[in-house]
Structure formats: structure tokens, C-alpha cells
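Asker: Those letters in the sequence shown? Residues 131 to 247, per our numbering, in order.
Every residue, glycine too, gets a C-beta built ideally from N, C-alpha and C.
Below are the C-alpha cells for one structure; questions will follow.
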Amino acid sequence: QVQLVESGGGLVQAGGSLRLSCAASGIIFGINAMGWYRQAPGKPRELVAVIISNSGNTNYADSVKGRFTISRDNAKNTVYLQMNSLKSEDTAVYYCNANVGLGEQHWGQGTQVTVSS
């Protein structure tokens, strides 16, 4: 099992920045990739950014390219999402995700990000 604990959400004005953290524990050697998803009220959950464990390659949703950066600290088993130039449409609950083994999905509890215009 993999446990994911997110932190760093909050309220910020448009144009501001936040950094989300996701600390992984448990059977972490089988993690293929980690990512951030978000879900706004009345909308489906969507992928924001992902980082591949072996290569470090990253991928982003078009809506956040150039504004958000996903990174990892392997020593701390932690993945970060640096969010800059935040917009009101970035308001959502952000979830950390780990893809483990043969595609098993693990989720954090979610952290609220609210951007005021």
C-alpha cells in the first residue's frame, strides 16, 4: 500500500503562487509515476501534471503549461506542484496520485486551492 498526504493548499489572489506537497509512504518502490489531479465543483477530475519515476519526464495539461511545475525530491519521497500566475479557474480540490505496479491507483485526501479574482 502507498499512503499519500498532501499539504500546501489555501486561498490566494489571482496572479499569486502556491506550492503543493505530496509525501508518499508505504510500498513506494513500485511507484511508476506520480501526478496531480484537480476537481472543480460540478466538473470531472482532470489531470494537471505527472512525473514519471524512472525518467523524470513530465507532462502537463494545456491549461497549466508555463505556469505550473511538477518536481520531486526522491530523498524525501515527496512530489511538489509549484503553481504560479494562478487564475480563478484554477480553483479546485487538488489530489495527489500514485500509479503503482500494474497500474494500481492511489489517491491522497485532497487539498483545497481557492483563487480569488
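May I have the straight-line CA-CA distance separating Leu211 from Leu177, to the nearest angstrom?
Answerer: Numbered from its first residue, the sequence shown carries residue 211 at position 81. Numbered from its first residue, the sequence shown carries residue 177 at position 47. Whole-angstrom Cα-Cα distance: 12 Å.
Asker: Expressed to the nearest angstrom, what Euclidean distance is found between the alpha-carbon atoms of Arg175 and Tyr167?
Answerer: In the sequence shown, residue 175 corresponds to position 45, counting from 1. In the sequence shown, residue 167 corresponds to position 37, counting from 1. Those two C-alpha atoms are separated by around 6 Å.
Asker: Go ahead and pull the three-state DSSP assignment for Asp203.
Answerer: Position 73 of the sequence shown, counted from the first residue, corresponds to residue 203. If DSSP states are grouped into helix, strand and coil, Asp203 belongs with the strands.
Asker: Flag Val194 as yes if its beta-carbon sits less than 8 Å from any beta-carbon of chain C, otherwise no.
Answerer: In the structure shown, chain C does not exist; there is a single protein chain.
Asker: Does the stretch 134 to 152 touch the stretch 228 to 240, meaning 3 or more C-beta pairs lie closer than 8 Å?
Answerer: With the cut-off at 8 Å, the stretch 228 to 240 and the stretch 134 to 152 touch.
Asker: Mapping DSSP to helix, strand and coil, what is Ile158?
Answerer: Numbered from 1 along the sequence shown, position 28 holds the residue referred to as residue 158. Ile158: helix per DSSP, three-state reduction.
Asker: Per DSSP, which one or two residues make a beta bridge with Gly240?
Answerer: By one-based count along the sequence shown, residue 240 stands at place 110. According to DSSP, Gly240 bridges with nothing at all.
Asker: Checking 8 Å against the spacing of the C-beta atoms, do Ile200 and Thr208 come in under that value?
Answerer: Locating residue 200 in the sequence shown gives position 70, where the first residue counts as 1. Locating residue 208 in the sequence shown gives position 78, where the first residue counts as 1. Not in contact: Ile200 and Thr208 (Cβ atoms no closer than 8 Å).
Asker: For the candidate residues Ala170, Asn162 and Ile157, whose alpha-carbon lies nearest to that of Ser218?
Answerer: The count along the sequence shown starts at 1 and reaches residue 218 at position 88. Nearest of Ala170, Asn162 and Ile157 to Ser218, Cα basis: Ala170.
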